[in-house]
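Number of protein chains: 2
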Amino acid sequence: MTLEATRPLNEVDLAAVGGLAQAVADEPATGATVWSASVEWKAAFRSEARIRDFAPIASDEPTGLGGTDTAPNPVEQLLAALGNCLAVGYAANASAAGIEITRLRIDVSGDLDLASFLGVRPGHAGFSGITASVHLEADADDAAIAALHRTVVGSSPVGHTLSADIPVAIDLA
Amino acid sequence: MTLEATRPLNEVDLAAVGGLAQAVADEPATGATVWSASVEWKAAFRSEARIRDFAPIASDEPTGLGGTDTAPNPVEQLLAALGNCLAVGYAANASAAGIEITRLRIDVSGDLDLASFLGVRPGHAGFSGITASVHLEADADDAAIAALHRTVVGSSPVGHTLSADIPVAIDLA
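Residue numbers (the working numbering), protein chains in the order written: chain L, 2 to 174; chain Z, 2 to 174.
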């Protein structure tokens, strides 16, 4: 047995994922999770988001928007979250389907009219639409890749959060 | 004149924001922006999102979800984006209203049932709801802070993206 052969497909720990899925199937309450982030404003349009014990995610705005351009801005971070989420979905579901991923790149973009954010016109201040373009190289035929894609799109936590209208309560503490 | 007196309120470059708002008011097409991120899968549930020339935003999953727990996960990144967006909104609108921010912290959390992501039950895989709790210390009375809060909530690009159902097109390239 070579070292290569002992490495799991796509390096994904399928046993952990499968064990959790079984636990959620057996006891639905197991699937209920709460996630959080705490943001501290620094100055100007700079802030930092702390998540568990990880290094903070820095945020700023481009100079054209009045920032100092030291970090990605929040709407770019949102697109990053979608791409990262789809990457997990592909890795998990490809591994479950026995498909080895050679390369996976996901380009995400979104259109946003600044008028509402800037107070020029009231209305929807967010993205009017988001597109993700998935560049996948894998050892599977087109039908298997199309099925994989459907599964990923049909089960993406960030994708579903963006495409559904969910309650967002923002309150002064 | 002291150095203190020459620093703009909250260090926000209001002239830049105001100039952009005026440009969008004069010519609506100026407000149309496109934002993007490119995600590269690394291995297992690890990926990186590249935005312009900034250091990539690393992503992973906790070990309980089959990851190697080296970075915040995508749904946490989504919450971070919301908090960072609200921080920009507060900084911009407080400065426009002549309010000095002493401290601003925004705690964001969201509830997510893992059943759909894990393939246990089809349906909504995203957050069922998100809450943001704003801790603001500022030199303004309650009415002014309440008005500031309404303005921020009413014009948050990430907040509106999450609370509205927008088209999300995910396609194989």
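The beta carbon of each residue, even a glycine, is placed where N, CA and C say it ideally should be.
- The beta-carbon separation of ARG51(L) and SER39(L), rounded to 5 Å, stays under the 8 Å limit for a contact.
- Beyond the five residues adjoining it in sequence on each side, ASN94(Z) comes within less than 6 Å, by CB distance, of LEU149, THR152 and VAL153 in the same chain, given in chain order.
- Residues of the segment 127-151 of chain Z with a Cβ closer than 8 Å to any Cβ of chain L, in chain order: GLY127, PHE128, SER129, GLY130, ILE131, THR132, ALA133, SER134, VAL135, HIS136, LEU137, ILE146, ALA147 and HIS150.
- Measuring C-alpha to C-alpha distances from ALA26(Z) to each of PRO9(L), THR34(L), GLU12(L) and PHE118(L) identifies PHE118(L) as the nearest.
- Looking at the backbone, the Cα of ILE171(L) and that of VAL18(L) are separated by about 33 Å.
- The secondary-structure analysis by DSSP pairs THR34(Z) across a beta bridge with LEU113(L).
- Selection LEU137(Z), HIS125(Z), ALA139(Z) and ALA141(Z) evaluated against LEU163(L) yields HIS125(Z) as nearest (Cα-Cα).
- Put simply, of LEU115(L), VAL13(L) and GLU41(L) the residue whose alpha carbon is nearest the alpha carbon of ALA33(Z) is LEU115(L).
- For the C-beta of ILE167(Z), the chain L residues within less than 8 Å are, from N- to C-terminus, GLY127, PHE128, SER129, GLY130, ILE131, LEU163 and SER164.
- Contact annotation: ILE58(L) and SER129(Z) have beta-carbon atoms that are not nearer than 8 Å.
- Between the segment 87-101 of chain Z and the segment 80-88 of chain L there are fewer than three C-beta pairs closer than 8 Å, too few to call the two in contact.
- By the beta-carbon neighbour count (other beta carbons within 10 angstroms, threshold 16), ASP143(Z) is exposed.
- The DSSP-derived three-state label of GLY130(L) is strand.
- Per DSSP, GLU77(Z) is one residue of the alpha helix (DSSP H) stretching across 75-97.
- Here PHE46(L) has ASP61, GLU62 and GLY68 as same chain residues with Cβ atoms under 6 Å from its own Cβ, once five neighbours each way along the sequence are excluded.
- The DSSP-derived three-state label of ALA17(L) is helix.
- In chain order, ALA92, ALA93 and SER96 place their CB closer than 7 Å to the CB of VAL13(L), counting only its own chain and leaving out the 5 sequence neighbours on each side.
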